[in-house]
Amino acid sequence: MRSKDLLLTMYYRMHLTRCFNSELMDLKAEGKIYGPIHRSTGQEAIGIGVGAALRDDDYVISNHRGFAHWIGKGIDLKKLAAEIFGKATGCCKGKGGEMLVTDWAKGILSTTIVGGGLPTATGLALSFKLKGTDQLVVCYFGDGAANTGAFHESLNFSALLKLPVIFLCENNQWGLSTRVEQSTAVRDIAKRAIAYDIEGIILDGNDVLDVHDLITDVSKQVRQGKGPVLLEAKTYRLGSFSSNDRATGYQPDQEIKRWAAKCPISRYREQLKLLGVARDEELASLEEKAKRDAHEAIEYGQMAEYPNPSALYEDLFV
Amino acid sequence: MKKLSIQRALNEALYEEMERDSRVFVMGEDVGVYGGHLEVTAGLYNKFGPLRAIDTPISEAVIAGAAFGAAIGGMRPVAEIQHIDFITLALDSIVNHAAVLRYAYGGQIQVPLVIRTQGGCYTVGAQHSKSLEAWLVHVPGLKVVMPSTAYDAKGLLKAAIRDPNPVIFIEHKLIYRTVGDVPEEEYVVPLGVADIKREGNDVTVVATSRMVHESLAAAEELEREGISVEIVDPRTLMPLDLEKILQSVRKTGRLVVVHEGWKTGGYGAEVVARVCESALGLLKAPPLRLGAADVPPPYSPPLEEISIPSRKSICGGIQTMFR
Chain A
1 MRSKDLLLTM YYRMHLTRCF NSELMDLKAE GKIYGPIHRS TGQEAIGIGV GAALRDDDYV
61 ISNHRGFAHW IGKGIDLKKL AAEIFGKATG CCKGKGGEML VTDWAKGILS TTIVGGGLPT
121 ATGLALSFKL KGTDQLVVCY FGDGAANTGA FHESLNFSAL LKLPVIFLCE NNQWGLSTRV
181 EQSTAVRDIA KRAIAYDIEG IILDGNDVLD VHDLITDVSK QVRQGKGPVL LEAKTYRLGS
241 FSSNDRATGY QPDQEIKRWA AKCPISRYRE QLKLLGVARD EELASLEEKA KRDAHEAIEY
301 GQMAEYPNPS ALYEDLFV
Chain B
1 MKKLSIQRAL NEALYEEMER DSRVFVMGED VGVYGGHLEV TAGLYNKFGP LRAIDTPISE
61 AVIAGAAFGA AIGGMRPVAE IQHIDFITLA LDSIVNHAAV LRYAYGGQIQ VPLVIRTQGG
121 CYTVGAQHSK SLEAWLVHVP GLKVVMPSTA YDAKGLLKAA IRDPNPVIFI EHKLIYRTVG
181 DVPEEEYVVP LGVADIKREG NDVTVVATSR MVHESLAAAE ELEREGISVE IVDPRTLMPL
241 DLEKILQSVR KTGRLVVVHE GWKTGGYGAE VVARVCESAL GLLKAPPLRL GAADVPPPYS
301 PPLEEISIPS RKSICGGIQT MFR
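Taken in order, these protein sequences are the chains called A and B. As numbered in this note's numbering, residues 1 to 318 make up the first sequence, in order. As numbered in this note's numbering, residues 1 to 323 make up the second sequence, in order.
As structure tokens, then:
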């Protein structure tokens, strides 16, 4: 049974992700952020549902679209904001930026090139197996990364060694401007699990309760050493790829509208009311708090100091 | 002292480090049951079992990537990429992950990773005979080691395994059976310290890997002509012990660099540039670079022979400096 506290924490975190990402997208549009911001709108349920189902000592490997992954695993929002502004008090001392956000102590890391997270997750899971712990890794990647060679090599190797890793494909249907049907020869990416003789499961990526249930369930078998699973969360990127997307109209308005009606946050709000978990006033106060917290963190990030020039050569080697 | 081949010396280093530290393990193609395609990992599977001598599929991206992941997870992986030519398939994990992420994460992780691979000519043409060390030296965040003797091979591999940073350890297929003295007792050769392989007064030769041996042979020949050659083996290309090279050049006033990598953009260019930046005035003659011909490694024996530096071409090159 899920506690009310957990259910409302997930609601707050989904809102926090939406507010935080949207405010940053706006600031980027005003020219107030140096690097890109990747849109997480519409994909909040996955990272938040996963994070709430994991233990503190589990790891998530994120990618370039990581806001929900990071917030779901409990990142310090001020350190995150400072990192995005390239500041010394950022979680990576300002050297990583928005695509490499990492808070190792919280079990959060992001890797570089699309698909690069999969071999890394495989190795981290290998370290858990060799050390004999029952930790696990959740490796997030998109439909685009599912077509890299690293996907095949990682799933094959992880399956051979029965490594404790959950490969979680967020199929948001667009790899920048390329539709999944144009890039991917199979309708359901989860079907590729057959090639590695592992379980492949499709889930509704816009339903946070489904996500939370499934991760809670499969993490038991993964911890027991039964090997990796491949999950495919069907979802949708509600808008442009990132702040740098020219948005030439490749993404049809009708499609965006249809998926906006399936917004994971509005849907969860209705579920919480129907299930009698919370009433409008309580939910509204969480929404207010999320907005306030996001804004405070962003203000902190903007005001924080840049690194000193002496930091240039620091932390290359141990 | 005992006599060991480079191959056996490397094997002893792996064996001893795996006994010393339970976090050390080897992984790669054919490294387990078979004992390594060139026998360097022989016996490890039987002694330490399948989870410490892990046979992998032919999947270079995941060999390097999983080794990186295991390293940040607290293990001490020694991954093997069979032939440096195949490292092209592993470069995302090496160049975009292992070399970068400690820095990009502001020092939150350590990457105690060793990637062993083999470079150099091997009678098999462009498939397996390239020398790509210059690429790797170019990437900040990697250390690059190239041993030339059994003593160095064992001591440097142990140092590489104990180093908390990513190390690319480049062996040479044609000198695996070259025998040398190795102490009975435990020792480590620190990274970043060059070694004078032969003392001399007239010309400094900076040579790497198998080219140390070709240079030693050339030095013997030149000695008879009255040219005294000093041979400096950097042993680690990154970090480079520039001071030891400069000390030698201060004495001789002449600099030759010899390696099996291509001459254009090669490691020798870096050595020459650094010496010139620090001590151009010391040079009595223009520096000389000897590297592979700028062509893919040809298979045919007479073509392969002339495509890389040899005793003969090193002698010829040095003789021209004294005309």
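Just so it is clear, CB atoms sit at the ideal spot from N, CA and C, and this is done for glycine as well. As the structure is a prediction and not an experimental result, all values here were calculated from the model.
Could you compute how far the alpha carbon of B/Arg-116 sits from the alpha carbon of B/Ala-194? On the second sequence, residue 116 of chain B is found 116 positions in, with the first residue counted as 1. On the second sequence, residue 194 of chain B is found 194 positions in, with the first residue counted as 1. B/Arg-116 and B/Ala-194: Cα-Cα distance of roughly 20 Å.
C-alpha gap between B/Gly-120 and A/Met-99, whole angstroms: Locating residue 120 of chain B in the second sequence gives position 120, counting from the first residue. Locating residue 99 of chain A in the first sequence gives position 99, counting from the first residue. Taking the straight line joining both Cα atoms gives about 38 Å.
Decide yes or no for the touch test of the region 236-244 of chain A against the region 30-42 of chain A: beta carbon pairs closer than 8 Å, at least 3 of them. yes
Quick one: which residues of the region 295-317 of chain A get their C-beta closer than 8 Å to a C-beta of chain B? List them in chain order. Glu-314, Asp-315, Leu-316 and Phe-317
Indicate the three-state DSSP secondary structure (helix, strand or coil) for A/Leu-316 in the structure shown. On the first sequence, residue 316 of chain A is found 316 positions in, with the first residue counted as 1. If DSSP states are grouped into helix, strand and coil, A/Leu-316 belongs with coil.
So, do the region 265-274 of chain B and the region 123-137 of chain B have three or more beta carbon pairs nearer to each other than 8 Å? yes
Could you tell me whether any Cβ in chain E is nearer than 7 Å to the Cβ of A/Gly-42? Included in the structure are the protein chains A and B, with no chain E among them.
Taking Cβ to Cβ, would you say A/Asp-58 is nearer than 7 Å to A/Gln-182? For this step, residue 58 of chain A is matched to residue 58 along the first sequence. For this step, residue 182 of chain A is matched to residue 182 along the first sequence. Result no, Cβ atoms of A/Asp-58 and A/Gln-182 do not sit closer than 7 Å.
Contact under 7 Å by Cβ, A/Gly-51 with A/Gly-66: For this step, residue 51 of chain A is matched to residue 51 along the first sequence. For this step, residue 66 of chain A is matched to residue 66 along the first sequence. No, they are not a contact pair.
Tell me, please, which residues DSSP counts as bridged to B/Glu-171. Residue mapping note: residue 171 of chain B aligns to position 171 of the second sequence, counting from 1. Answer by DSSP bridge pairing, in chain order: B/Gln-118.
Quickly, what does DSSP pair B/Gly-180 with across the bridge? List them, please. Along the second sequence, one-based indexing puts residue 180 of chain B at 180. DSSP lists B/Leu-4 as partners of B/Gly-180.
Reference A/Gln-224, options A/Gly-132, A/Ile-46 and A/Trp-259, closest by Cα: As a working note, residue 224 of chain A is residue 224 in the first sequence. When each option's Cα is compared against that of A/Gln-224, the closest is A/Gly-132.
Have a look at A/Leu-54, A/Lys-78 and A/Ala-82 and flag the residue whose alpha-carbon is nearest the alpha-carbon of A/His-69. Counting from one through the first sequence, the residue named residue 69 of chain A turns up at place 69. Residue A/Leu-54 is the option with its Cα nearest to A/His-69.
Alpha-carbon to alpha-carbon, B/Arg-311 and A/Pro-36: The residue labelled residue 36 of chain A in the question sits at position 36 within the first sequence. The residue labelled residue 311 of chain B in the question sits at position 311 within the second sequence. Cα-Cα distance, rounded: 55 Å.
Check the Cβ of B/Pro-140 against every Cβ in chain A and list those closer than 7 Å, keeping chain order. Reading the second sequence from its first residue, position 140 is the one you call residue 140 of chain B. In chain order: Leu-316.
What is the C-beta distance between A/Leu-283 and A/Arg-269, in whole angstroms, given that I count them as a contact (C-beta under 8 Å)? Within the first sequence, numbered from 1, the residue matching residue 283 of chain A stands at position 283. Within the first sequence, numbered from 1, the residue matching residue 269 of chain A stands at position 269. Confirmed, Cβ separation roughly 6 Å.
For the alpha helix (DSSP H) that B/Thr-252 lies in, which residues bound it at each end? For this step, residue 252 of chain B is matched to residue 252 along the second sequence. That run of the alpha helix (DSSP H) goes 242-252.
B/Thr-236: first and last residue of the uninterrupted beta strand (DSSP E) it sits in: Mapped onto the second sequence, residue 236 of chain B falls at position 236. Segment 236-238, the beta strand (DSSP E) holding B/Thr-236.
Near B/Pro-234, which residues of its chain fall below 7 Å by C-beta distance, leaving aside the five closest residues on each side in sequence? Along the second sequence, one-based indexing puts residue 234 of chain B at 234. The answer, listed in chain order, is Ala-194, Val-206, Thr-208, Leu-240 and Asp-241.
Assuming B/Asp-152 is part of the alpha helix (DSSP H), what are its boundary residues? As a working mapping, residue 152 of chain B is identified with position 152 in the second sequence. Its alpha helix (DSSP H) spans residues 150-162.
Roughly how many angstroms separate the alpha carbons of A/Ser-110 and B/Asn-165, rounded to a whole number? The sequence position of residue 110 of chain A within the first sequence is 110, counting from 1. The sequence position of residue 165 of chain B within the second sequence is 165, counting from 1. Answer to the nearest angstrom: the Cα atoms are 19 Å apart.
If we count the other Cβ atoms within 10 Å of its Cβ and call it buried at 16 or more, is A/Lys-257 buried or exposed? Position 257 of the first sequence holds residue 257 of chain A. Flag for A/Lys-257 reads exposed.
Proximal residues, the region 166-177 of chain A versus chain B, C-beta separation under 9 Å: none
Taking 7 Å as the CB-CB cut-off, is A/Ser-285 touching chain B? Position 285 of the first sequence, counted from the first residue, corresponds to residue 285 of chain A. No, its Cβ sits nowhere closer than 7 Å to a Cβ of chain B.
Give the interface partners of A/Asn-63 over in chain B, defined as CB-CB distance under 8 Å, in chain order. By one-based count along the first sequence, residue 63 of chain A stands at place 63. Within 8 Å Cβ-Cβ: nothing; A/Asn-63 doesn't reach chain B, min ~13 Å.
Determine which residues share a DSSP beta bridge with B/Val-205 and list them. Against the second sequence, residue 205 of chain B aligns to sequence position 205. Partner(s): B/Ile-231 and B/Val-256.
Taking 7 Å as the threshold (beta carbon to beta carbon), is B/Ala-104 in contact with chain A? Indexing the second sequence from 1 puts residue 104 of chain B at position 104. It does: the Cβ of B/Ala-104 has a partner Cβ on chain A nearer than 7 Å.
List the DSSP bridge partners of A/Phe-167. Residue 167 of chain A sits at position 167 when you count from the first residue of the first sequence. Answer is A/Cys-139 and A/Leu-230.
Using only CA atoms, which one of A/Phe-317, A/Ile-298, A/Val-211 and A/Ala-304 lies nearest to A/Gly-47? Here residue 47 of chain A refers to the residue found at position 47 when the first sequence is read from its first residue. Considering only alpha carbons, the answer is A/Val-211.
Per DSSP, the bridge partner or partners of A/Asp-103: As a position in the first sequence, residue 103 of chain A is number 103, starting the count at 1. Partner(s): A/Ile-108.
So A/Gly-301 and A/Phe-85 are supposed to be a Cβ contact under 8 Å. How far apart are they, rounded? In the first sequence, residue 301 of chain A corresponds to position 301, counting from 1. In the first sequence, residue 85 of chain A corresponds to position 85, counting from 1. That belief holds up - the Cβ atoms of A/Gly-301 and A/Phe-85 are roughly 4 Å apart, short of 8 Å.
Contact check, B/Ala-159 vs B/Pro-112, beta carbons under 7 Å: As a position in the second sequence, residue 159 of chain B is number 159, starting the count at 1. As a position in the second sequence, residue 112 of chain B is number 112, starting the count at 1. Going by C-beta atoms, B/Ala-159 is not nearer than 7 Å to B/Pro-112.
Please report whether the beta-carbon of B/Ser-5 lies at a distance below 7 Å from any beta-carbon of chain A. Residue 5 of chain B sits at position 5 when you count from the first residue of the second sequence. B/Ser-5 does not count as touching chain A.
For B/Met-146, name the three-state secondary structure that DSSP assigns. Residue 146 of chain B sits at position 146 when you count from the first residue of the second sequence. Of the three classes helix, strand and coil, the one that applies to B/Met-146 here is coil, per DSSP.
Contact list for the region 163-196 of chain B against chain A, Cβ threshold 7 Å: Pro-164 and Asn-165
Measuring only the C-alpha atoms, how far is B/Asp-342 from A/Gly-144? Because chain B spans 1 through 323 in this model, residue 342 of chain B falls outside it and cannot be assessed.
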